[in-house]
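Quick note on this note's numbering: the sequence shown kicks off at 630 and runs consecutively.
Even for Gly, the Cβ is constructed at its ideal location relative to N, Cα and C.
As C-alpha cells, the structure follows; a few thoughts come after it.
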Amino acid sequence: MSIFNRCASIYVSYHSEKYIDCFLGRHRQELGETVLIVNSTPEKYAGDLSDVKCLEARKNVGFAAANNLGIVGLSGGAHDFIIFINPDVVMPQGWLGSFSKICDLPEYRDVGVFTGPLLGYSFARDEPTGLIDSLGIWRTSYGKWFDKQQGQPTTAPDSVITEPQEVPAVCGALMVVRKKVIEELVSEYGFFFDESYFMYKEDIEVSLRIRRKGWRTLLHPSLAAYHCRGWDPNRGAMPKWTRSISSRNELKMHLRHQWRGVPYSLLKYLYVKLMEK
Numbered sequence: 630m631s632i633f634n635r636c637a638s639i640y641v642s643y644h645s646e647k648y649i650d651c652f653l654g655r656h657r658q659e660l661g662e663t664v665l666i667v668n669s670t671p672e673k674y675a676g677d678l679s680d681v682k683c684l685e686a687r688k689n690v691g692f693a694a695a696n697n698l699g700i701v702g703l704s705g706g707a708h709d710f711i712i713f714i715n716p717d718v719v720m721p722q723g724w725l726g727s728f729s730k731i732c733d734l735p736e737y738r739d740v741g742v743f744t745g746p747l748l749g750y751s752f753a754r755d756e757p758t759g760l761i762d763s764l765g766i767w768r769t770s771y772g773k774w775f776d777k778q779q780g781q782p783t784t785a786p787d788s789v790i791t792e793p794q795e796v797p798a799v800c801g802a803l804m805v806v807r808k809k810v811i812e813e814l815v816s817e818y819g820f821f822f823d824e825s826y827f828m829y830k831e832d833i834e835v836s837l838r839i840r841r842k843g844w845r846t847l848l849h850p851s852l853a854a855y856h857c858r859g860w861d862p863n864r865g866a867m868p869k870w871t872r873s874i875s876s877r878n879e880l881k882m883h884l885r886h887q888w889r890g891v892p893y894s895l896l897k898y899l900y901v902k903l904m905e906k
C-alpha cells in the first residue's frame, strides 16, 4: 500500500477561510484521505472540496474536541498514520515522500508521534520569515513549557537540526501519530485529545500520555515544514481570557502528570487571575 493511502489527515478550521484554499491547493498530494472540521459557524471556500470529507461542529467546541471529531470521521479506514495539521502550515513538496522513507525503519518502531522542525512563514508575503517557529516543546526544571528556539534565526547554530531527536512534547500544528497509539489512548481514556483543554496545552498533555505509554515523540530533520503562527508571540498582546485558559490548563496538566511544575503553574495562574489586566 502506498504511503498516500496509509495516511489520513485532520485539520480544524476556525474562521480559517483565508488559509484553506491555499492549503488544499498546496497539499492535496501530501495529505492522504482528508477530513476538514469546520469548528463553529459555516465557512465559505472558493476551492473544490469534492475530495475532502467535511464535518461541521455547530458551535466552537475547541481544538481538542474538533480533532477528536475528525478521528471519529476516519474510523474504519485502513490507515497506519493520522496527520494532525493546522491550515496555516505549509508543507514542502515531497514531504510525504520524506516521511515514507523513515516511518517503517526498525529504529523508529517505538515512535508514536513524528514531527519536524517548524519554520516561520508569512502568508502576507508568501515566503518564509527566516525564523524558527518550534523545534519541539520543551520544559524547564521548574515547569515552564516553551517552543524551543522560537523567534531565533534559522541559521543560528542552535537552530540547525541535523539528527533526529526526542522531544518532551510535540507542537499540535503538525503531528503524525500512529493509529495504534490513538487506539491505545482512546481505549484507556475514552479520548485521544483531552476535551477539557478547550484550547492551549492540549498538545503537551497528549504528548505526556503518549510517552507514559512507552512511545517516543520524535522530531526528524527531514520532516521540516513552515508554520504561520496565528497568534502574537508577545504574551502581553494576548487577551487576558486566553492567558487565563493557558495558565489554568498548564496547572491542571501539572497536577495530573508532573507535580514538580505545580508551584510555578499555580503562581502563574494566580498572577494572571489577580494581577494582569
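In terms of residue numbering, what span does the alpha helix (DSSP H) encompassing C651 cover?
E646 to H656 is the span of the alpha helix (DSSP H), which, as asked, contains C651.
Check each candidate in L896, Q781, M720 and Y771 and name the one with the smallest Cα separation from G759.
Of the listed residues, the one whose Cα sits closest to G759 is Q781.
Determine, using beta carbons only, whether A753 comes closer than 8 Å to chain C.
In the structure shown, chain C does not exist; there is a single protein chain.
Length of the line joining the Cα atoms of L899 and R768
Computed Cα separation, rounded: 20 Å.
Identify the residues that DSSP records as bridge partners of M804: which are they?
M804 is bridged to F713.
Quick one: what's L848 bridged to in DSSP?
T744 and Q794, per the DSSP bridge assignment.
Where H886 sits in the DSSP three-state scheme
In the structure shown, H886 falls within a helical segment according to DSSP collapsed to helix, strand and coil.
What are the start and end residues of the beta strand (DSSP E) that includes F775?
F775 -> beta strand (DSSP E) spans W774 to D776.
Rounded straight-line distance, which links the Cα of P793 to that of Y640:
Rounded to the nearest angstrom, the gap between the Cα atoms of Y640 and P793 is 25 Å.
Quick one: using the 10 Å Cβ neighbour count with 16 as the cut-off for buried, is W860 buried or exposed?
Because W860 sits at a pLDDT of 49, beneath the cut-off of 50, its placement in the model cannot be relied upon, and the following sentence gives the value as read from the coordinates. By the neighbour-count rule (16 or more Cβ atoms within 10 Å), W860 is not buried but exposed.
Would N634 pass as a contact of G661 if the rule is Cβ separation under 8 Å?
Yes; because the gap between Cβ atoms is below 8 Å, this pair is in contact.
How would you write the range of the alpha helix (DSSP H) that A753 sits in, first residue to last?
Per DSSP, A753 lies in no alpha helix (DSSP H) and is assigned neither H nor E.
Just to confirm, is the Cβ distance from C636 to L725 under 8 Å?
L725 sits close to C636, with the two beta carbons spaced by under 8 Å.
Nearest-angstrom Cα separation, counted from F728 out to I632:
If I take the Cα positions, the gap works out to 8 Å.
At which residues does the beta strand (DSSP E) containing A854 begin and terminate?
Here the beta strand (DSSP E) through A854 covers A854 to H856.
Would you mind sorting S770 into buried or exposed? The rule is 16 or more other CB atoms within 10 Å of its CB.
Exposed is the call here.
Backbone CA spacing between K906 and T871 [nearest angstrom]:
Near 12 Å, if we compare the C-alpha coordinates of T871 and K906.
Same chain, Cβ closer than 8 Å to L678, five either side skipped, listed in chain order:
In the same chain as L678, and ignoring 5 residues on each side of it, the C-beta atoms closer than 8 Å to its own belong to L653 and L665, in chain order.
Which residue marks the beginning of the beta strand (DSSP E) containing V701, and which one marks its end?
Careful: V701 lies outside any beta strand (DSSP E), inside the alpha helix (DSSP H) at F692 to G702.
Taking the beta carbon of R841 as the centre, do at least 16 other beta carbons fall within 10 Å, making it buried, or is it exposed?
Exposure of R841 is indicated by the presence of fewer than 16 other C-beta atoms within 10 angstroms of its C-beta.
If we call anything under 8 Å between Cβ atoms a contact, is V810 one with I833?
No, they are not a contact pair.
Do three or more CB pairs link the stretch 698-707 to the stretch 743-760 at distances below 8 Å?
No, the stretch 698-707 is not in contact with the stretch 743-760.
Does the distance from the CB of N689 to the CB of N715 come in under 8 Å?
Against a cut-off of 8 Å, the Cβ pair of N715 and N689 comes out as no contact.
Report the three-state DSSP secondary structure of T758 (helix, strand or coil).
T758 falls in the strand class under three-state DSSP.
Cβ neighbours of L895 in the same chain (closer than 7 Å, five flanking residues each side left out)
For L895, where only same-chain residues beyond five positions count, the Cβ hits under 7 Å are L880.
Buried or exposed: where does W774 fall if 16 or more other Cβ atoms within 10 Å of its Cβ makes it buried?
By the neighbour-count criterion, in which a residue is buried when 16 or more other Cβ atoms sit within 10 angstroms of its Cβ, W774 is buried.
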